[in-house]
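Novice: Under our numbering, think of the first position of the sequence shown as 10, with each following residue one higher. Please read through the structure below; I'll follow up with questions.
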Amino acid sequence: MIELRHLSKQFDELTVLHDIDLRIRSNEIVVLLGPSGSGKSTLLRCINLLEDPSSGSMQVGDALWVHTMSAAEKKKAVREIRKRTGMVFQSFNLFPHLTAIENVMIAPMTVKQIAKSQAYEIAESLLAKVGLADKKDVHPSRLSGGQKQRVAIAQSLAMEPQIMLFDEPTSALDPELTGEVLSVMKQLALDGMTMIVVTHEMKFAKNVANHIIFMSDGVIQEEAPPETFFAQPKTERARKFLHQLT
Ligand code: ADP
Ligand code: MG
10 MIELRHLSKQ
20 FDELTVLHDI
30 DLRIRSNEIV
40 VLLGPSGSGK
50 STLLRCINLL
60 EDPSSGSMQV
70 GDALWVHTMS
80 AAEKKKAVRE
90 IRKRTGMVFQ
100 SFNLFPHLTA
110 IENVMIAPMT
120 VKQIAKSQAY
130 EIAESLLAKV
140 GLADKKDVHP
150 SRLSGGQKQR
160 VAIAQSLAME
170 PQIMLFDEPT
180 SALDPELTGE
190 VLSVMKQLAL
200 DGMTMIVVTH
210 EMKFAKNVAN
220 HIIFMSDGVI
230 QEEAPPETFF
240 AQPKTERARK
250 FLHQLT
């Protein structure tokens, strides 16, 4: 589903991602772990081309982006890859003046030119899926953080992505609200969505991930099933990281 080859990212002199090679299969749930500043967000942002990688290539489904492409080819590749990837951030970027259902309808209507009645039906079923059928006409200011994040997930799903990227989706939430968001994500995983999740929720990582990727200093240090990673981390860095969590 996703393949990154020799992907690097520099910000001026600073190399944030070093020669990343990564393959993720369809229906796979990857949890990306690593200390703060290790390049996790930058990696997710490169995958949906919110950041322009400095070298390498990337395939998402049947869309290909290669650093050596011409500007015109890249522009088309960016569009194709964005179509296939949904992203949910730590802070919920909902439109404050739109209701929950309008927030979910807006991208299909404006980007995909889907008719309003059809967009409404899609949005209604997605809000039901994230447990918010009864909040469809409510504005974001009247929703809790957990509810807002679930609307944001429905909003991403409305574009029918082939892969969902989550960047610390529960880090801004009060502890009592993280569970409802994690359970929506878990359900999405069970439904077969391909996902890359950056999170500090180790229980979610242990229970839901098929694969753990551990990064530090812009390098993938370890890649293992959760049972192996948590029981027997191979590198000293990973051991230290896990030790600091407990
Ligand atoms: P993480 O998500 O693992 O905490 P980030 O990907 O956010 O790590 O950051 C990795 C490194 O890249 C950090 O040193 C950060 O300061 C740097 N960085 C991230 N974005 C930018 C940017 N737009 N310009 C310059 N440096 C950046
Ligand atoms: Mg980050």
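For every residue, glycine included, the Cβ atom is placed at its ideal position computed from N, Cα and C. Keep in mind the model is a prediction, meaning the values are calculated, not measured.
The beta strand (DSSP E) that contains G46, what's its start and end?
Specialist: Neither: G46 is in no beta strand (DSSP E) and is coded neither H nor E.
Novice: Pick from T94, K138, K84, V97: whose alpha carbon is nearest that of I110?
Specialist: Among T94, K138, K84, V97, the Cα nearest to that of I110 is on K138.
Novice: What do you get for S50, buried or exposed, if any count of 16 or more other CB atoms within 10 angstroms of its CB means buried?
Specialist: S50 is buried by the Cβ-count criterion.
Novice: Using a 10 Å radius around the Cβ and a threshold of 16 neighbouring Cβ atoms, would you call N57 buried or exposed?
Specialist: Classification of N57: buried, given that the 10 Å Cβ count is 16 or more.
Novice: In three-state terms, what does DSSP make of T203?
Specialist: Three-state DSSP puts T203 in a strand.
Novice: State the DSSP-derived secondary structure class of M114, mapped to helix, strand or coil.
Specialist: Three-state DSSP puts M114 in a helix.
Novice: Examine the ligand ADP and report whether any of its heavy atoms sits within less than 7 Å of the Cβ of V25.
Specialist: Checking every heavy atom of the ligand ADP against the Cβ of V25, one is found closer than 7 Å.
Novice: Touch check for the segment 162 to 177 and the segment 114 to 133: three-plus C-beta pairs under 8 Å?
Specialist: The segment 162 to 177 vs the segment 114 to 133: in contact.
Novice: Does at least one heavy atom of the ligand MG sit under 7 Å from the Cβ of S50?
Specialist: Yes, the Cβ of S50 comes within 7 Å of a heavy atom of the ligand MG.
Novice: Alpha carbon to alpha carbon, how far is Q241 from M211?
Specialist: Answer to the nearest angstrom: the Cα atoms are 15 Å apart.
Novice: How would you label P178, buried or exposed, when you count the other beta carbons within 10 angstroms and need 16 or more for buried?
Specialist: Under this definition P178 is a buried residue.
Novice: Can you give me the start and stop residues for the alpha helix (DSSP H) that E236 sits inside?
Specialist: Where E236 is concerned, the enclosing alpha helix (DSSP H) stretches over 235 to 240.
Novice: Could you check how far apart the C-beta atoms of H15 and V228 are, in whole angstroms? I think they sit under 8 Å.
Specialist: Between V228 and H15 the Cβ distance is about 13 Å, and since that is not below 8 Å, they are no contact.
Novice: Below 8 Å on the Cβ atoms is my guess for G155 versus L182; work out the distance and round it to an integer in Å.
Specialist: Rounded, the Cβ-Cβ distance is 6 Å, consistent with contact.
Novice: Where does N112 land, buried or exposed, given buried means 16+ other C-beta within 10 angstroms?
Specialist: It is buried - the Cβ of N112 has at least 16 other Cβ atoms within 10 Å.
Novice: Please give the ranges of any beta strand (DSSP E) in the segment 95 to 180, keeping only runs that are unbroken, at least 3 residues long and fully inside the region.
Specialist: Those beta strand (DSSP E) runs which fall completely within the segment 95 to 180 and span 3+ residues are 172 to 176.
Novice: By Cβ distance, which residues of its chain are closer than 8 Å to E60, with the 5 residues on each side in sequence left out?
Specialist: These residues qualify, in order along the chain: K18, T51, R54.
Novice: Would you kindly report the start and end of the unbroken alpha helix (DSSP H) that includes M10?
Specialist: Premise fails: M10 is in no alpha helix (DSSP H) and is neither H nor E.
Novice: Measure the alpha-carbon distance for E12 versus L141 and round it to whole angstroms.
Specialist: Computed Cα separation, rounded: 34 Å.
Novice: Drop a sphere of 10 angstroms on the beta-carbon of S47, count the other beta-carbons inside from all chains shown, and report buried for 16 or more, exposed for fewer.
Specialist: Label assigned to S47: buried.
Novice: In chain order, what residues of the same chain lie with their CB nearer than 7 Å to the CB of S100, ignoring the 5 residues before and after it?
Specialist: Here the set comprises A181.
Novice: What residue does the beta strand (DSSP E) around H76 start on, and which one ends it?
Specialist: That residue, H76, is in no beta strand (DSSP E); it is neither H nor E in DSSP.
Novice: Hey, out of L31, N102, E37, Q253, whose CA is closest to L199's CA?
Specialist: Looking at the Cα atoms, E37 is the closest of the given residues.
Novice: Would you call the CB atoms of V206 and F238 closer than 8 Å?
Specialist: No, the Cβ-Cβ distance between V206 and F238 is not below 8 Å.
Novice: Which residues in the same chain have their Cβ closer than 7 Å to the Cβ of V147, if we skip the five residues on either side of it in sequence?
Specialist: Cβ within range, chain order: T108, A109.
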